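Residue numbers (this note's numbering), protein chains in the order written: chain G, 1 to 335; chain R, 1001 to 1335.
In this text, a Cβ means the ideal position worked out from N, Cα and C, and glycines have one as well.
From a predicted model like this one, the values you see are computed outputs, not experimental measurements.
2 protein chains.
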Amino acid sequence: MKLIIDAMSGDNAPEAIVSGCVMAAREFGQEYILVGKEAVIKELLAKEKAEDLPISIRNAEDVIDMHDDPATAVRRKKDSSMSVALRMVRDGEGDAMISAGNTGALLSGATLVTKRIRGIRRAALPTQLPCKGGRVLLLDSGANAECTPEYLLQFAYMGSFYAEKVMGIKKPRVGLVNNGAEDTKGDTLRKETYAVLQAASEAGRINFVGNVEGSDVPKGACDVAVTDGFTGNVMLKTVEGVAGFLMGELKNMFLTNTRTKLAYLLLKPAMGGLKKMMSSSEVGGAPFLGIARPVFKAHGSSDARAIRSAVKQAMAYVEADVVGEIENSIEYMAL
Amino acid sequence: MKLIIDAMSGDNAPEAIVSGCVMAAREFGQEYILVGKEAVIKELLAKEKAEDLPISIRNAEDVIDMHDDPATAVRRKKDSSMSVALRMVRDGEGDAMISAGNTGALLSGATLVTKRIRGIRRAALPTQLPCKGGRVLLLDSGANAECTPEYLLQFAYMGSFYAEKVMGIKKPRVGLVNNGAEDTKGDTLRKETYAVLQAASEAGRINFVGNVEGSDVPKGACDVAVTDGFTGNVMLKTVEGVAGFLMGELKNMFLTNTRTKLAYLLLKPAMGGLKKMMSSSEVGGAPFLGIARPVFKAHGSSDARAIRSAVKQAMAYVEADVVGEIENSIEYMAL
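Next comes the structure, spelled out in structure tokens:
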């Protein structure tokens, strides 16, 4: 397998991206193409003593940053690392493409360059959130602020394939994020979507378990939580905000007095597990589901470990041929 | 001041409601009317040795429960404790009414019986959430799944009055919950609402600080977080779910081994503060903002302390005359 990595995008690029690629090459093997300023990347690879690894470089002089207009960046900056990498994955020069750059620019670029799977209305960005007993896939977590029941039906299918093939969950339970558990709950979008998810479930194509409330998702009530990108983004950010707030309060509590400081020392080894569970570096990245080629978005603040984890996700996505899986079921996804 | 309390509604009614009323009477003085089955309430008051307190009883034989249709319950069950209590507060037999019953039934009932303030399009349910440095008022937290920019403008005004008069926050900072901080973010509702909030702020009537993301709210980036009732409900429940999940994981961590169990014993006194901060019993209840008389919704799972706290909130709401404040500004609240 060959992975194309945008070396220049992200808060910690290019250092963390190159390091993460080296880490992945050592851990998983495979071939890699780092896209970006050749001289800079070459120097970083030398520093990592990675000259013998199967990592090549494709030069790209420009970079898309957070100030570029997402809708037009990839078209306007044709020689940017992101644009070059997208054309490479479109043309089959590699099996998957990974970027930690501007989410909007990457989504617009992927839609423009690598295109959506025929019949898919919108690509969705899924996010794996920690929950009781494991992880839950939330989608759309921010790509599409305004959605129709058909989009949400397609998200339910695509999320199910991803949860089954990449996360290894058998018959993933699909929940519709709603403001109550009863089937009469929600706004017009939710009521209409409930009916189409129910029909797909009755036909045996997805495993719809009904409405889930915000509090049910962290409890692990479903494996795939389907929602529009506005609500999904607010949920995802709320989870991050509350977790950060509580960890901060916990830290303050540990600093209260000598007793609590001693308690912290006793807890430190066990705290590692909690921190690891909450860390986004363990998942690393997510594909735009519905794009015709594997395009992975890594977190903007990705460190080397997050890039390494994104490579792992991308490998699983390519191996399981999730794109082919979506294409095979596309006839059921239209309303 | 005289408080009318629906004694029969809520998961722990009537015991917890009567106990909470007794607790409030002992702590705050004031007069109370408990509405519900007279014989049952009398017996509970006797058990509490509360015969000498200024608590009277108004008999009501029926009860609205979770199985009643919210839209019609108050009209259909005219002799229910909730219906009787609503008519009493409408007719001036008390200054405020408190119920831990079915939220939808109470909202429909209040709209029907006590009516909205003239010019207010929808009543909103605010919730005080813990955040860095204090509490943030989230509204609408569940009353109206579908909203217009005008509703959200009215929520911003009403939330500001409540935060200032009841929570004691000077010039409360109003944020619009959105999927990004930039002023171009969001769906149509958010974009249109941004403009009207900006205009109200430029006229010096509210203190609008722009868009806030889900992660900004727990960080204390605003005092009043304005959103539609669908998003507000999902946020509120997500906060509850994540907090519950993390507290559970923390508990598991404490149970890991002898060291962590010892750590727990050392932390126990300090943990009380964290638990108290996260507890809904400390706020107890919230008014339906925009209803012409003070109608307070207490949490369905209210214990006695939550009812006592709801009484405290209701007293502050009546004293500050938030209803009068809204009426005085109604001319600015129309679009």
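What are the boundary residues of the alpha helix (DSSP H) that Cys-943/R is part of? It is not possible to answer for residue 943/R, since the shown part of chain R is limited to 1001 through 1335.
Report the neighbours of Asn-1233/R on chain G: residues whose CB is nearer than 9 Å to its CB, in chain order. Asn-178, Asn-179, Gly-180, Glu-213, Gly-214
Who are the neighbours of Leu-246/G on chain R, taking C-beta pairs under 7 Å? Neighbours of Leu-246/G on chain R, chain order: Ala-1243, Leu-1246.
Candidates Arg-1026/R, Glu-1192/R, Ile-1098/R, Asp-1079/R, of which the one nearest Ile-1017/R by Cα: Ranking the options by Cα distance to Ile-1017/R, first place goes to Ile-1098/R.
Could you tell me whether the Cβ atoms of Val-89/G and Thr-111/G are closer together than 9 Å? no
Does any C-beta atom of chain R lie closer than 9 Å to the C-beta of Gly-210/G? no
Determine, using beta carbons only, whether Pro-1218/R comes closer than 9 Å to chain G. yes
Taking only the alpha-carbon atoms, compute the straight-line gap between Cys-21/G and Ser-1160/R and give it to the nearest angstrom. Spanning the two alpha carbons is a distance of roughly 50 Å.
May I ask which residues mark the beginning and end of the alpha helix (DSSP H) holding Glu-1048/R? Neither: Glu-1048/R is in no alpha helix (DSSP H) and is coded neither H nor E.
Return the Cβ separation of Gly-1175/R and Gly-1210/R in integer angstroms, given the expectation that the two are a contact with Cβ distance under 8 Å. Confirmed, about 7 Å.
Residues of chain G with a CB under 7 Å from the CB of Ala-1145/R: which are they? Asn-179, Gly-186, Asp-187
From what residue to what residue does the alpha helix (DSSP H) around Leu-1262/R run? 1258-1278
Quick check: Asp-140/G and Arg-122/G, are their CB atoms within less than 9 Å of each other? yes
Quick check on the burial criterion: 16 or more other C-beta atoms within 10 angstroms. Buried or exposed for Glu-213/G? When all chains shown are included, Glu-213/G counts as buried.
Using a Cβ-Cβ distance under 9 Å, would Arg-1190/R count as near chain G? Output row for Arg-1190/R: interface = yes.
Which of helix, strand or coil DSSP assigns to Ile-1206/R: Coil, per DSSP.
Please classify Ser-301/G: is it buried, with 16 or more other beta-carbons within 10 angstroms of its beta-carbon, or exposed? exposed
Assuming Ile-33/G and Ile-4/G form a contact by the criterion Cβ under 8 Å, report the distance between their Cβ atoms to the nearest whole angstrom. 5 Å
Can you tell which of Asn-1179/R, Ala-1100/R, Val-1226/R, Met-1082/R has its C-alpha closest to the C-alpha of Gly-229/G? Comparing Cα positions, the closest option is Asn-1179/R.
Whole-angstrom Cβ separation of Leu-125/G and Phe-288/G, contact assumed at under 8 Å? 6 Å
Compare the Cα-Cα distances from Asn-1257/R to each of Lys-78/G, Met-278/G, Met-271/G and report the closest residue. Comparing Cα-Cα distances from Asn-1257/R to each of Lys-78/G, Met-278/G, Met-271/G, the minimum goes to Met-271/G.
Run the CB neighbour count on Pro-1269/R, radius 10 Å, all protein chains shown included, and call it buried at 16 or more, exposed below. The residue is exposed, with fewer than 16 neighbouring Cβ atoms inside 10 Å.
Across which residues does DSSP place Leu-176/G in a beta bridge pair? Asn-211/G, Val-226/G
Using 9 Å as the limit for Cβ to Cβ distance, is Asn-12/G near chain R? no
Ignore the nearest five residues each way along the sequence and tell me which others in Pro-1172/R's own chain have a CB closer than 7 Å to its CB. Ser-1160, Ala-1163, Glu-1164, Asn-1207, Asp-1223, Val-1224
Chain R partners of Gly-101/G, CB-CB under 8 Å? The premise fails here: Gly-101/G is roughly 16 Å from chain R at the closest Cβ pair, so nothing lies under 8 Å.
Beta strand (DSSP E) containing Gly-36/G: first to last residue? 31-36
Inside the region 1086-1134 of chain R only - beta strand (DSSP E) runs reaching at least 3 residues: The DSSP assignment places complete beta strand (DSSP E) segments of no fewer than 3 residues inside the region 1086-1134 of chain R at 1096-1099, 1127-1131, in order along the chain.
Is Gly-1273/R close to chain G, meaning its C-beta is less than 9 Å from at least one C-beta of that chain? yes
In chain order, what residues of the same chain have a beta carbon less than 6 Å from the beta carbon of Ile-1330/R, not counting five sequence neighbours either side? Gly-1119
Assign Asp-11/G to buried or exposed, taking buried as 16 or more other Cβ atoms, counted over all protein chains shown, within 10 Å of its Cβ. exposed
Since Met-88/G meets chain R, which of its residues come closer than 9 Å, beta carbon to beta carbon? Neighbours of Met-88/G on chain R: none; closest Cβ ~29 Å, over 9 Å.
Might you give, ordered along the chain, the residues of its own chain that have their beta carbon closer than 7 Å to the beta carbon of Ala-7/G, omitting 5 neighbours on each side? So the qualifying residues of the chain are Ala-13, Pro-14, Ile-17, Val-18, Leu-34, Val-35, Gly-36, Ile-41, Ser-81.
Within 9 Å of any Cβ in chain R, is that where the Cβ of Tyr-264/G sits? yes
At least 3 beta-carbon pairs within less than 8 Å: the region 231-242 of chain G vs the region 192-201 of chain G: no
If we count the other Cβ atoms within 10 Å of its Cβ and call it buried at 16 or more, is Ala-39/G buried or exposed? Residue burial annotation: Ala-39/G is exposed, with fewer than 16 other C-beta atoms found within 10 angstroms of its C-beta.
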